[in-house]
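> So the sequence shown is numbered by the numbering used here: it starts at 1 and just counts up by one.
Quick reminder that beta carbons are idealized off the backbone N, C-alpha and C, glycines included.
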Amino acid sequence: MPDPTSRPHPVPIRPGLTGGAYPERPPDPEDWLHTSLHALAGLARAVVPGRAGRCPLGAIHQLGQGLAPLNDQALAEQTRFLRLDLHRRGLTDDLLIRAFALVSEIAGRTLGLRPYDTQLSGGWVLAHGRLAEMATGEGKTLTATLAAGAAALAGLPVHVITVNDYLVRRDAETTGPLYRGLGLSVAAVTADQDPESRRQGYRADVVYCTNKQLAFDYLRDRLVLGNDQGRLRLQLEPLHSGDRTARLFLRGLCFAIVDEADSVLIDEARTPLILSRRVDSPEEEQLFRQAVDWAGRLTPGADFVLDRARGRVQLSDGGSDRLAALADSAGGLWRGARRRDELVEQALAALHLYERDRHYLVRDGRVLIIDEHTGRTMADRSWERGLHQMIEIREGLSVSGRNEHIARLTYQRFFRRYQWLSGMTGTAREVRRELWSIYRLAVVPIAPHRPCQRRLVGARVHADGAGRWAEVVRRVQDLQAAGRPVLVGTRSVADSEHLGTLLQAAAIPHQVLNARQDADEAAIIARAGIRGAVTVATNMAGRGTDILLGAGVTELGGLHVIATERNDAGRIDRQLFGRCGRQGDPGSCEVQLSLEDDLLRDQKGGRPLLLLGALLRRGVPGAESLALLFLRLAQRSRERRHRALRRSLLRLETRLGRLLAFSGRME
Numbered sequence: 001m002p003d004p005t006s007r008p009h010p011v012p013i014r015p016g017l018t019g020g021a022y023p024e025r026p027p028d029p030e031d032w033l034h035t036s037l038h039a040l041a042g043l044a045r046a047v048v049p050g051r052a053g054r055c056p057l058g059a060i061h062q063l064g065q066g067l068a069p070l071n072d073q074a075l076a077e078q079t080r081f082l083r084l085d086l087h088r089r090g091l092t093d094d095l096l097i098r099a100f101a102l103v104s105e106i107a108g109r110t111l112g113l114r115p116y117d118t119q120l121s122g123g124w125v126l127a128h129g130r131l132a133e134m135a136t137g138e139g140k141t142l143t144a145t146l147a148a149g150a151a152a153l154a155g156l157p158v159h160v161i162t163v164n165d166y167l168v169r170r171d172a173e174t175t176g177p178l179y180r181g182l183g184l185s186v187a188a189v190t191a192d193q194d195p196e197s198r199r200q201g202y203r204a205d206v207v208y209c210t211n212k213q214l215a216f217d218y219l220r221d222r223l224v225l226g227n228d229q230g231r232l233r234l235q236l237e238p239l240h241s242g243d244r245t246a247r248l249f250l251r252g253l254c255f256a257i258v259d260e261a262d263s264v265l266i267d268e269a270r271t272p273l274i275l276s277r278r279v280d281s282p283e284e285e286q287l288f289r290q291a292v293d294w295a296g297r298l299t300p301g302a303d304f305v306l307d308r309a310r311g312r313v314q315l316s317d318g319g320s321d322r323l324a325a326l327a328d329s330a331g332g333l334w335r336g337a338r339r340r341d342e343l344v345e346q347a348l349a350a351l352h353l354y355e356r357d358r359h360y361l362v363r364d365g366r367v368l369i370i371d372e373h374t375g376r377t378m379a380d381r382s383w384e385r386g387l388h389q390m391i392e393i394r395e396g397l398s399v400s401g402r403n404e405h406i407a408r409l410t411y412q413r414f415f416r417r418y419q420w421l422s423g424m425t426g427t428a429r430e431v432r433r434e435l436w437s438i439y440r441l442a443v444v445p446i447a448p449h450r451p452c453q454r455r456l457v458g459a460r461v462h463a464d465g466a467g468r469w470a471e472v473v474r475r476v477q478d479l480q481a482a483g484r485p486v487l488v489g490t491r492s493v494a495d496s497e498h499l500g501t502l503l504q505a506a507a508i509p510h511q512v513l514n515a516r517q518d519a520d521e522a523a524i525i526a527r528a529g530i531r532g533a534v535t536v537a538t539n540m541a542g543r544g545t546d547i548l549l550g551a552g553v554t555e556l557g558g559l560h561v562i563a564t565e566r567n568d569a570g571r572i573d574r575q576l577f578g579r580c581g582r583q584g585d586p587g588s589c590e591v592q593l594s595l596e597d598d599l600l601r602d603q604k605g606g607r608p609l610l611l612l613g614a615l616l617r618r619g620v621p622g623a624e625s626l627a628l629l630f631l632r633l634a635q636r637s638r639e640r641r642h643r644a645l646r647r648s649l650l651r652l653e654t655r656l657g658r659l660l661a662f663s664g665r666m667e
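What follows is the structure, encoded as structure tokens:
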């Protein structure tokens, strides 16, 4: 019996053996034995990080020296020979060595860049179906081209997946000359493209896209295919009926490289991907308006309890009785106690849990959800069960139709369907056990090309938000006077704009980057590293962005980063710090926190927080260290809760998948 805790060796992968006209990986067995063995393997890998076979750097460099004297025509001939061998034999290690040498040579000729040894090692990890943990600034964009180019030359459709459309366009444009030099086509698939443009894009050899667009297009394909994706049936179908394959977006789930993998595979794992259609119902709108009206008459504490940590509202017995009295004369759907309570609890959440410019923006008469992980708006996404419509009512906007679900999936289930999955990120060590247990992805750390010179100059905690913002303004003023560029990270649009107002009052020139300025992102980032620049940004500037240092900045100490709040996971904090001190450049960072931050606001520790605040105001020795410990414990508690929710959701999705499969339906 094969060991279920190990993945098969990655060679050979043969295009002819990818499994049907729409290839994807069948679900793993979910019996208790396989689950237990995978959990034990994940625990072992958390203690002893997994390692792919060592990259044969010497052999790659030796082959590369033989390619260097060749002219472009001779190099194209070498590419043709390699492509034939890859099609015949698959991604064997000896062919990967040839492919890496070839990609490196063509990268030097087309991009003016040759992969460092660290990038070759990272590409080797990707080609072997593992996750490369590479420090920020190590050049993951070029690293991905090594594995993507080899797989595409072997005839496999390759998806390079990242977190937003800005990075999709940037990376596809940057790497395009390299792929075309290999005789491969490359495309970027983004949210603003029409369906036919996306279909054309997915036909390219290498496709850059976001996880969201990819997963939704997969769901659309599942609706077209139904339960039948067999090669023979799809090939014969045009002979007697309409050709379904012409309506498909993807060519299956063959080979994926996930950039910023912890963000996509962990932070967004619980995000439900719901394909829906709009249903307009005046009766439902009236129902939602009535729920919001009654919710506004209820008293916090007496009639309902807010659980901010879990994002829930619960009516008390007294609140339920009061609601029943309010609904007594309404009749109709309001007579059912359970439905009545659920509707009003949803309305209470809309009124008390969701904050404008933190959870959503209002733009052009629409409520746009803000992605908490990226700081960007999600224009095509809405909350379910009437919550979106109730927030529109709260904001005095026209009420949109409710979305009726057609298909549903989570990223956890989606990415497990790739026949070959790999990834890159700078922050994976904290979640390596979870990455293995869910996705069978072993984390392999890659040493940096140059030693990191980033310095953490300190962490401070203030009794309140006002004190924190005043200190941030003072620090920015001092750093700008010294000529150093400064990046200030905030968690919400509201905080970034509040700090922008304070900086303006202090006559400090600055730029704000949040979901309102997403169209100007590239220009703002391009100026963020010049002498004396001040940039205030949400998490939009936390992942995948390269802030290049301007003239003379290195001698001054490089970019300085100020974090103004802890995120839900320490990994996300480290992503922000990674904007400075890249590739051996100097840089520094600091943390300015307050006892009014979200992490502590959600904790049930009112009295300790009041005591800590009093101690901080009096400057009692040790109070700041105690407050930092309190914040770190709150962050770890949030990390554990989210991990448990992801695990619970995966079990629920697995059970649901079995039920739907038994009934003959898809997701």
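Compare the C-alpha of Gln-290 against each of Thr-190, Ala-482, Asp-357, Leu-323 and name the closest.
Within the sequence shown, the letter at position 290 stands for residue 290. Ranking the options by Cα distance to Gln-290, first place goes to Leu-323.
> For Tyr-218, which residues does DSSP report across the bridge?
Locating residue 218 in the sequence shown gives position 218, counting from the first residue. In DSSP, Tyr-218 forms no bridge with anything.
> Are the segment 502-513 and the segment 546-563 touching, with three or more C-beta to C-beta distances below 8 Å?
The segment 502-513 is not in contact with the segment 546-563.
> Work out the CA separation of Ile-60 and Ser-121 for me, nearest whole Å.
In the sequence shown, residue 121 corresponds to position 121, counting from 1. In the sequence shown, residue 60 corresponds to position 60, counting from 1. In a straight line, the C-alpha of Ser-121 is about 11 Å away from that of Ile-60.
> Give the DSSP bridge partners of Leu-593, in chain order.
Translated into the one-based positions of the sequence shown, residue 593 becomes position 593. For Leu-593, which the question treats as bridged, DSSP gives the partners Val-461.
> Go through its chain and collect everything with a Cβ distance to Val-160's Cβ below 6 Å, but skip five positions before and after it.
Taking the first residue of the sequence shown as 1, we reach residue 160 at position 160. Within the same chain, Val-160 has close Cβ partners Ala-144, Ala-148, Tyr-208, Ile-257.
> Please classify Trp-383: does DSSP put it in a helix, a strand, or coil?
What you label residue 383 is simply residue 383 of the sequence shown in a count that begins at 1. Three-state DSSP puts Trp-383 in coil, outside helix and strand.
> Please say whether Leu-86 and Pro-115 have beta carbons closer to each other than 8 Å?
As a first step, residue 115 must be located in the sequence shown, where it is residue number 115. As a first step, residue 86 must be located in the sequence shown, where it is residue number 86. Not a contact, by the Cβ cut-off of 8 Å.
> Let me know the secondary structure DSSP gives Tyr-360 once reduced to three states.
Locating residue 360 in the sequence shown gives position 360, counting from the first residue. Looking at Tyr-360 - three-state DSSP - the assignment turns out to be strand.
> Buried or exposed: where does Ala-410 fall if 16 or more other Cβ atoms within 10 Å of its Cβ makes it buried?
As a position in the sequence shown, residue 410 is number 410, starting the count at 1. According to the sequence as given, residue 410 is Thr; it is not Ala. It counts as buried.
> Sorted by chain position, which residues of the same chain lie with C-beta nearer than 7 Å to Leu-250's C-beta, five sequence neighbours on each side aside?
Reading the sequence shown from its first residue, position 250 is the one you call residue 250. Tyr-202, Asp-217, Tyr-218, Asp-221.
> Mind checking which residues open and close the beta strand (DSSP E) that includes Phe-249?
By 1-based counting over the sequence shown, the position of residue 249 is 249. Element bounds for Phe-249: n/a, residue is neither H nor E.
> Pairs of beta-carbons, one from the segment 302-321 and one from the segment 334-350, closer than 8 Å: are there three or more?
Yes, they touch.
> Can you give the beta carbon distance from Phe-288 to Val-399, rounded, assuming they're within the 8 Å contact cut?
Here residue 288 refers to the residue found at position 288 when the sequence shown is read from its first residue. Here residue 399 refers to the residue found at position 399 when the sequence shown is read from its first residue. Between Val-399 and Phe-288 the Cβ distance is about 7 Å, and since that is below 8 Å, they are a contact.
> Quick test of your reading: Ala-172 and Arg-376, contact by CB under 8 Å. State the CB separation rounded to the nearest angstrom.
Counting from one through the sequence shown, the residue named residue 172 turns up at place 172. Counting from one through the sequence shown, the residue named residue 376 turns up at place 376. In fact, because the Cβ distance is near 18 Å, the residues do not count as touching under 8 Å.
> Exposed or buried, what is Gln-419 when buried is set at 16 or more other beta-carbons lying within 10 Å of its beta-carbon?
The residue given as residue 419 occupies position 419 in the sequence shown. The residue is buried, with at least 16 neighbouring Cβ atoms inside 10 Å.
> Quick check: the Cα distance between Glu-624 and Leu-559, rounded to an integer number of angstroms?
The residue given as residue 624 occupies position 624 in the sequence shown. The residue given as residue 559 occupies position 559 in the sequence shown. Cα to Cα, the separation comes out at about 26 Å.
> Quick check on the DSSP output: what are the complete beta strand (DSSP E) runs of length 3 or more inside the segment 557-588, in order along the chain?
Runs of the beta strand (DSSP E) inside the segment 557-588: 559-563.
> Per DSSP, which residues does Leu-287 bridge with? Please list them.
In the sequence shown, counting from the first residue as 1, residue 287 sits at position 287. In DSSP, Leu-287 forms no bridge with anything.
> Among residues of its own chain, excluding the 5 on either side of Val-367, which ones have a beta-carbon nearer than 6 Å to its beta-carbon?
Here residue 367 refers to the residue found at position 367 of the sequence shown. Closer than 6 Å at Cβ, skipping near neighbours: Tyr-360, Ile-391, Glu-392.
> How close, in whole Å, do the beta carbons of Arg-566 and Leu-599 come, if the pair is a contact with beta carbons under 8 Å?
Start at 1 with the first residue of the sequence shown, and residue 566 comes out as number 566. Start at 1 with the first residue of the sequence shown, and residue 599 comes out as number 599. Confirmed, Cβ separation roughly 5 Å.
> Let's test the definition: count the other Cβ atoms within 10 Å of the Cβ of Asn-539 and tell me whether it reaches 16, buried, or not, exposed.
Locating residue 539 in the sequence shown gives position 539, where the first residue counts as 1. So Asn-539 counts as buried.
> Tell me whether Asp-259 is buried or exposed, calling it buried when 16 or more other Cβ atoms sit within 10 Å of its Cβ.
The residue you call residue 259 lines up with position 259 of the sequence shown. Buried: at least 16 other Cβ atoms inside 10 Å.
> Please name the residue in Ala-152, Gly-318, Val-206, Leu-275 whose C-alpha comes closest to that of Ala-187.
Within the sequence shown, residue 187 is the residue found at index 187, counting from 1. It is Val-206.
> Along the chain, where does the alpha helix (DSSP H) that runs through Leu-421 open and close?
Working through the sequence shown from its first residue, we reach residue 421 at position 421. No alpha helix (DSSP H) contains Leu-421, which is instead part of the beta strand (DSSP E) from 420-425.
> Under the rule that 16 or more other beta-carbon atoms within 10 Å means buried, what is Leu-223, buried or exposed?
Residue numbering aside, residue 223 sits at position 223 when the sequence shown is read from its first letter. Leu-223 should be labelled exposed.
> I'd like to check one pair, Leu-595 with Leu-612: are the Cβ atoms closer than 8 Å?
Residue mapping note: residue 612 aligns to position 612 of the sequence shown, counting from 1. Residue mapping note: residue 595 aligns to position 595 of the sequence shown, counting from 1. Yes, these two residues count as a Cβ contact at 8 Å.
> Going by other Cβ atoms of all chains shown within 10 Å of its Cβ, with 16 needed for buried, is Val-488 buried or exposed?
Here residue 488 is taken as the residue at index 488 of the sequence shown, counted from 1. Classification of Val-488: buried, given that the 10 Å Cβ count is 16 or more.
> Is His-642 helix, strand or coil by DSSP?
Counted from its first residue, the sequence shown places residue 642 at position 642. Note: His-642 maps to helix in three-state DSSP.
> Buried or exposed: Asp-321, going by 16 or more other Cβ atoms within 10 Å of its Cβ?
One-based indexing of the sequence shown puts residue 321 at position 321. Result: exposed.
> Output the distance between the C-alpha atoms of Leu-650 and Thr-162, rounded to the nearest integer angstrom.
In the sequence shown, residue 650 corresponds to position 650, counting from 1. In the sequence shown, residue 162 corresponds to position 162, counting from 1. The straight-line gap from Cα to Cα measures roughly 22 Å.
> Where Ala-447 and Val-534 are concerned, what is the direct C-alpha to C-alpha distance, given to the nearest angstrom?
Here residue 447 is taken as the residue at index 447 of the sequence shown, counted from 1. Here residue 534 is taken as the residue at index 534 of the sequence shown, counted from 1. About 31 Å.
> Short check: CB of Arg-460 to CB of Leu-593, under 8 Å?
Locating residue 460 in the sequence shown gives position 460, where the first residue counts as 1. Locating residue 593 in the sequence shown gives position 593, where the first residue counts as 1. Their beta carbons are under 8 Å apart, which means Arg-460 touches Leu-593 by this criterion.
> Rounded to the nearest angstrom, what separates Leu-479 and Arg-468 at their Cα positions?
Taking the sequence shown and counting its residues from 1, one reaches residue 479 at position 479. Taking the sequence shown and counting its residues from 1, one reaches residue 468 at position 468. One C-alpha to the other measures close to 17 Å.
> Output needed for Phe-414: all residues of its chain with C-beta closer than 6 Å, excluding positions within five of it in sequence on either side, in chain order.
Counting from 1 along the sequence shown, the entry for residue 414 is found at position 414. Closer than 6 Å at the Cβ level, and outside the excluded window around Phe-414, lie Ala-215.
> Output yes or no for whether 8 Å exceeds the beta carbon distance between Ala-428 and Ala-269.
To locate residue 428, count along the sequence shown from 1; it is residue 428. To locate residue 269, count along the sequence shown from 1; it is residue 269. No. Outside cutoff.
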